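Engineer: Handing you this structure, nothing more for now.
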Amino acid sequence: QKEVEQNSGPLSVPEGAIASLNCTYSDRGSQSFFWYRQYSGKSPELIMSIYSNGDKEDGRFTAQLNKASQYVSLLIRDSQPSDSATYLCAVNGPGRRALTFGSGTRLQVQP
Amino acid sequence: EAGVAQSPRYKIIEKRQSVAFWCNPISGHATLYWYQQILGQGPKLLIQFQNNGVVDDSQLPKDRFSAERLKGVDSTLKIQPAKLEDSAVYLCASSLGSSSGNTIYFGEGSWLTVV
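Laid out in structure tokens, this is it:
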């Protein structure tokens, strides 16, 4: 079982729709959860972090965390073609462990 | 504020040759990471430094990969001898500290092609 699992996609949504990206993780001790966006040929950039159960909103982005189900998701409202990228879920646990990344979900927003 | 600097950006080498990548983290960041990202996959941690000490190198192929951060600032990752499967982007990243809530910032990456 992979430590962090994501559907590779591509997930295709029309412009203006809500894109829903999902991630599951295996380590119940995980404490911090991150979503990174990676454009083709570029390095990952942080878009959201979440540490406690529930929802966290930042502009058009909402991160949702359910530790009991070991599940974290990212919602992108009013999707734009510029949101087309690979979205990486990353998780780390207690102590000084570095981030463990999923393989990413490729999002395509159709104009 | 300057970001994480990496060089070279691109390198093509033949198998069995050696290559070195350099990284300078964001000023003041104590923790430095080297990740390997193969096309179509997520980044995989190779090594994590806290100042000039190694925190985690459990996934570093030590028979061919080495890394150092001698003065606790910049770092070098070396591959010798390179294999075809080492073709990847080598991402350097840094964070203020190593606790789980610290944000990790990535450099632009060093793209390696082994032919």
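Sequence order for the protein chains is A and B.
Read in my numbering, the first sequence has 90 at position 90, and its numbers run on one by one without any break.
Add 1000 to a position in the second sequence, counting from 1, and you land on the number used in my numbering.
Ideal Cβ placement from N, Cα and C applies to all residues, glycine included.
Keep in mind that this is a model prediction, so the values were computed, not measured.
Is the Cβ of Glu1068 of chain B closer than 8 angstroms to any Cβ of chain A?
Structural biologist: Along the second sequence, read from residue 1 onward, the residue named residue 1068 of chain B stands at position 68. For Glu1068 of chain B, the answer is no, since every Cβ of chain A falls outside 8 angstroms of its Cβ.
Engineer: Among the residues of its own chain, which have a CB less than 8 angstroms from the CB of Glu1068 of chain B, if the five just before and after it don't count?
Structural biologist: The residue labelled residue 1068 of chain B in the question sits at position 68 within the second sequence. Cβ neighbours of Glu1068 of chain B beyond the five flanking positions: Ser1075 and Thr1076.
Engineer: With distances taken between CB atoms, is the gap from Gln1006 of chain B to Gly1107 of chain B smaller than 8 angstroms?
Structural biologist: Position 6 of the second sequence holds residue 1006 of chain B. Position 107 of the second sequence holds residue 1107 of chain B. Contact: yes.
Engineer: Do you know offhand how far Ser43 of chain A's Cα is from Tyr1105 of chain B's?
Structural biologist: For this step, residue 43 of chain A is matched to residue 43 along the first sequence. For this step, residue 1105 of chain B is matched to residue 105 along the second sequence. Near 9 angstroms, if we compare the C-alpha coordinates of Tyr1105 of chain B and Ser43 of chain A.
Engineer: Is it buried or exposed for Arg37 of chain A, if we count other Cβ within 10 angstroms and need 16 for buried?
Structural biologist: Taking the first residue of the first sequence as 1, we reach residue 37 of chain A at position 37. So Arg37 of chain A ends up on the buried side.
Engineer: Between A:Ser82, A:Ala63, A:Gln6 and A:Thr100, which has its C-alpha nearest Gly54 of chain A's C-alpha?
Structural biologist: As a position in the first sequence, residue 54 of chain A is number 54, starting the count at 1. Comparing Cα positions, the closest option is A:Ala63.
Engineer: Along the beta strand (DSSP E) that carries Gln64 of chain A, what are the first and last residues, could you check?
Structural biologist: Taking the first sequence and counting its residues from 1, the one referred to as residue 64 of chain A is at position 64. It spans Phe61 to Asn66 - the beta strand (DSSP E) in which Gln64 of chain A sits, taken as one unbroken run.
Engineer: So for Leu1096 of chain B, helix, strand or coil by DSSP?
Structural biologist: The count along the second sequence starts at 1 and reaches residue 1096 of chain B at position 96. DSSP places Leu1096 of chain B in coil when its eight states are reduced to three.
Engineer: Less than 8 angstroms separating the beta-carbons of Lys61 of chain A and Ser49 of chain A?
Structural biologist: As a first step, residue 61 of chain A is located in the first sequence; it is residue number 61 there, counting from the start. As a first step, residue 49 of chain A is located in the first sequence; it is residue number 49 there, counting from the start. Residue identity check: residue 61 of chain A is Phe in the sequence provided, not Lys. Result no, Cβ atoms of Phe61 of chain A and Ser49 of chain A do not sit closer than 8 angstroms.
Engineer: With H, G and I counted as helix, E and B as strand and the rest as coil, what does DSSP make of Leu1039 of chain B?
Structural biologist: By one-based count along the second sequence, residue 1039 of chain B stands at place 39. It is coil, neither helix nor strand.
Engineer: So if DSSP puts Glu45 of chain A in a beta bridge, which residue, or which two residues, is it bridged to?
Structural biologist: By 1-based counting over the first sequence, the position of residue 45 of chain A is 45. Answer is A:Arg37, bridged to Glu45 of chain A.
Engineer: Given that Phe101 of chain A touches chain B, what residues does it touch there, using C-beta distances under 9 angstroms?
Structural biologist: Residue mapping note: residue 101 of chain A aligns to position 101 of the first sequence, counting from 1. Those are Tyr1035, Gln1037, Gln1041, Gly1042, Pro1043, Lys1044 and Leu1045, listed as they occur along chain B.
Engineer: May I have the straight-line CA-CA distance separating Pro14 of chain A from Val109 of chain A, to the nearest angstrom?
Structural biologist: Taking the first residue of the first sequence as 1, we reach residue 14 of chain A at position 14. Taking the first residue of the first sequence as 1, we reach residue 109 of chain A at position 109. Straight-line Cα distance between these residues: approximately 5 angstroms.
Engineer: Within a Cβ cutoff of 6 angstroms, which residues of the same chain sit near Tyr51 of chain A, ignoring the five residues on either side of it in sequence?
Structural biologist: For this step, residue 51 of chain A is matched to residue 51 along the first sequence. Ser32, listed in sequence order.
Engineer: Determine, using beta carbons only, whether Thr24 of chain A and Tyr71 of chain A come nearer to each other than 8 angstroms.
Structural biologist: On the first sequence, residue 24 of chain A is found 24 positions in, with the first residue counted as 1. On the first sequence, residue 71 of chain A is found 71 positions in, with the first residue counted as 1. Yes.
Engineer: So Tyr1010 of chain B is in the beta strand (DSSP E); what residue range does that whole segment cover?
Structural biologist: Indexing the second sequence from 1 puts residue 1010 of chain B at position 10. Looking at the DSSP string, the run of the beta strand (DSSP E) that includes Tyr1010 of chain B is Tyr1010 to Ile1013.
Engineer: Output yes if chain B places a C-beta closer than 8 angstroms to the C-beta of Tyr25 of chain A; else output no.
Structural biologist: Start at 1 with the first residue of the first sequence, and residue 25 of chain A comes out as number 25. Cβ-Cβ to chain B under 8 angstroms: no for Tyr25 of chain A.
Engineer: What residue range does the beta strand (DSSP E) around Val1073 of chain B cover?
Structural biologist: For the purposes of this step, residue 1073 of chain B is taken as the residue at position 73 of the second sequence. Where Val1073 of chain B is concerned, there is no enclosing beta strand (DSSP E), given that its DSSP letter is neither H nor E.
Engineer: In angstroms, rounded to a whole number, what distance separates the CA positions of Leu1084 of chain B and Ile1012 of chain B?
Structural biologist: Start at 1 with the first residue of the second sequence, and residue 1084 of chain B comes out as number 84. Start at 1 with the first residue of the second sequence, and residue 1012 of chain B comes out as number 12. Cα to Cα, Leu1084 of chain B sits roughly 11 angstroms from Ile1012 of chain B.
Engineer: Do we get a CB-CB distance below 8 angstroms when we pair Tyr87 of chain A with the residues of chain B?
Structural biologist: As a position in the first sequence, residue 87 of chain A is number 87, starting the count at 1. So no, Tyr87 of chain A is outside the interface.
Engineer: Over what stretch of residues does the beta strand (DSSP E) that includes Asn1024 of chain B continue unbroken?
Structural biologist: Walking along the second sequence from the start, residue 1024 of chain B turns up at place 24. Element bounds for Asn1024 of chain B: Val1019 to Asn1024.
Engineer: For a contact meaning CB atoms closer than 9 angstroms, what does Thr1103 of chain B contact in chain A?
Structural biologist: Taking the first residue of the second sequence as 1, we reach residue 1103 of chain B at position 103. Simply Phe34, Leu46 and Ser49.
Engineer: Assign Gln6 of chain A to one of two classes, buried (16 or more other C-beta atoms within 10 Å of its C-beta) or exposed (fewer than that).
Structural biologist: Numbered from 1 along the first sequence, position 6 holds the residue referred to as residue 6 of chain A. Burial call: buried.
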